[in-house]
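These protein sequence lines are chains A and B, in that order.
Taking the numbering used here, the leading residue of the first sequence gets 106, the next gets one more, and so forth.
Taking the numbering used here, the leading residue of the second sequence gets 1302, the next gets one more, and so forth.
Each remark here refers to the structure printed beneath this line.
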Amino acid sequence: MAVMTGPPELDPALVRAAQRGDRIAVADLMDALAPYVGRVCGPIALHDGPDAAQEALIAILKNLRSLRDPAAVYGWARAIAVREAIRVARTTARAVPAELADVPASGDPQLAADVRDVLARLTPEHRAVLVLRDLEGLDEQAAGALLNVPAATVRSRLFRARRSFRKAWSP
Amino acid sequence: MVAVNQDWPVVELDPVRRMRVLAAATPGVAYAEKLIPAPFNTVWEAASDLEHELPRMITDLRSFEITSAWGERMIAHARGRLGQRARFDVVLRPGWCVMQSRFLIGGMAAVPEVGGTRFAFLGGLRLPGMRLLAPVLRPAIRPLALRPIGRLESRLRVRAA
């Protein structure tokens, strides 16, 4: 089971000040959101994580005025971060995902039960589903809505992604 | 549920990447970065000496006086060459500085990099309408951000001598 430590509380007044154009508040808000955005972008974009997090934060801060409810800032930022991470990971096409059956068996010294190794075998879309379900705790409906795919697609992607972890770690 | 441990890759954005974000999200500011061939501590010691070095980097500035400070937050009073005055809110910590008055925004960031220190400078006006002008202004005003970096490099050579 994933460790789902929620992001820290954010003062709505800080969000509103940033929305009004206070650049110190914008910088403070970026500092507050950056760890959370980095946690979402890292597993999806992998090597391109820093670029993805940078692009996600730019999109978040540029569109801040469109956020109606400051209390919803993390959920709103998460949706942008997931989309940017998938986009950046797709664009660079650095990793060509292998068939999931090719995931190394446990005991393979190259694998070393490394999460990153297993994630690298998945497509960005599969990684996004894992992040939303297992790290963020979203249900299939919510994850599907965020990714703009049906819940059934989320379910099948999740099945394949989790199977790759089982293959990697089962004795 | 599949066992997922705490080894998931996470991303931490360094101060220069954060300054790129701030620049991209702030309409109409001049932004530039450069690799300065000097150690981070040397570069940041000079750049963060706002009262002495900022007026040398920004020649329109006659003085920049910090009047109160608490933690990494400060209030500074600036005076321009033409006698104009402005009160600045400042956030200053290692590798990061953001300054804002009613009409101006400024920022500096630095990170160690192979070959020296990557240094970023941001500056611009906070005026209504900058959002519309930003696409036109951005390429034209980049040299305005490179000049203060060049002056800082000159100062580093003087300080080292």
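Ideal placement from N, C-alpha and C gives every residue a C-beta, glycine not left out.
- Under the DSSP definition of a beta bridge, leucine 1393 (chain B) partners with B:Cys1398.
- With fewer than three CB-CB distances shorter than 8 Å, the segment 1328-1340 of chain B does not count as touching the segment 253-269 of chain A.
- A straight line joining the alpha-carbon of glycine 1424 (chain B) with that of valine 1322 (chain B) spans about 14 Å.
- Remark: C-beta atoms of valine 193 (chain A) and alanine 150 (chain A) approach each other more closely than 8 Å.
- Among the residues of the segment 151-183 of chain A, those with a Cβ less than 7 Å away from any Cβ of chain B are Leu151, Gly154, Pro155, Ala158, Gln159, Leu162, Ile163, Leu166 and Lys167, in the order of the chain.
- At least one CB of chain A lies nearer than 8 Å to the CB of glutamate 1313 (chain B).
- Taking a Cβ-Cβ cut-off of 8 Å, the neighbours of proline 1310 (chain B) in chain A comprise Gly147, Pro148, Leu151, Gly154, Val220, Arg221 and Leu224, given in sequence order.
- For the alpha helix (DSSP H) assignment, the uninterrupted runs of no fewer than 4 residues enclosed by the segment 234-264 of chain A are, from N- to C-terminal side, 245-252.
- No Cβ-Cβ contact shorter than 8 Å links alanine 1387 (chain B) with proline 1316 (chain B).
- Looking at the DSSP output, histidine 1378 (chain B) bridges to B:Glu1366 and B:Arg1388.
- A direct Cα-to-Cα measurement between glycine 249 (chain A) and proline 1338 (chain B) gives close to 49 Å.
- The closest CA to that of valine 142 (chain A), considering only A:Thr197, A:Pro113 and A:Ala256, is found on A:Pro113.
- With at least 16 other beta carbons inside 10 angstroms of its own, serine 269 (chain A) counts as buried.
- If you look at valine 131 (chain A), you'll find it isn't in any beta strand (DSSP E); it sits in the alpha helix (DSSP H) that goes 128-150.
- In the DSSP assignment, glycine 1372 (chain B) falls outside any alpha helix (DSSP H), carrying neither H nor E.
- The beta carbon of arginine 1443 (chain B) lies closer than 8 Å to those of Ala1331, Tyr1332 and Ala1333 in the same chain, with the five residues before and after it left out.
- With its beta carbon less than 8 Å from one in chain B, isoleucine 129 (chain A) belongs to the interface.
- In the DSSP annotation of this structure, glutamate 1414 (chain B) is not part of any alpha helix (DSSP H); the continuous beta strand (DSSP E) holding it starts and ends at 1405-1414.
- Of all residues in the segment 1312-1332 of chain B, those with a C-beta nearer than 7 Å to a C-beta of chain A are Val1312, Glu1313, Leu1314, Arg1318, Arg1319, Arg1321, Val1322, Leu1323, Ala1325, Ala1326 and Thr1327, reading in chain order.
- Just so you know, the alpha carbons of serine 1402 (chain B) and alanine 1379 (chain B) end up roughly 9 Å apart.
- Of all C-beta pairs linking the segment 158-174 of chain A to the segment 120-136 of chain A, three or more are shorter than 8 Å, placing the two stretches in contact.
- When C-beta distances to chain B are compared with 7 Å, every residue of the segment 242-253 of chain A stays at or above that value.
- Beyond the five residues adjoining it in sequence on each side, aspartate 1361 (chain B) comes within less than 6 Å, by CB distance, of Gly1381 and Arg1382 in the same chain, given in chain order.
- The beta-carbon separation of isoleucine 163 (chain A) and alanine 1325 (chain B), rounded to 4 Å, stays under the 8 Å limit for a contact.
- By the neighbour-count criterion, in which a residue is buried when 16 or more other Cβ atoms sit within 10 angstroms of its Cβ, valine 1459 (chain B) is exposed.
- In this structure, DSSP gives threonine 1327 (chain B) a state outside helix and strand, which the three-state scheme calls coil.
- Taking all protein chains shown into account, arginine 1374 (chain B) has fewer than 16 neighbouring C-beta atoms within 10 Å of its C-beta and is therefore exposed.
- What arginine 144 (chain A) touches in chain B, judged by beta-carbon distance under 7 Å, is Val1311, going in chain order.
- If you compare the alpha carbons of A:Asn253, A:Leu237 and A:Leu252 with that of arginine 144 (chain A), the shortest gap goes to A:Leu237.
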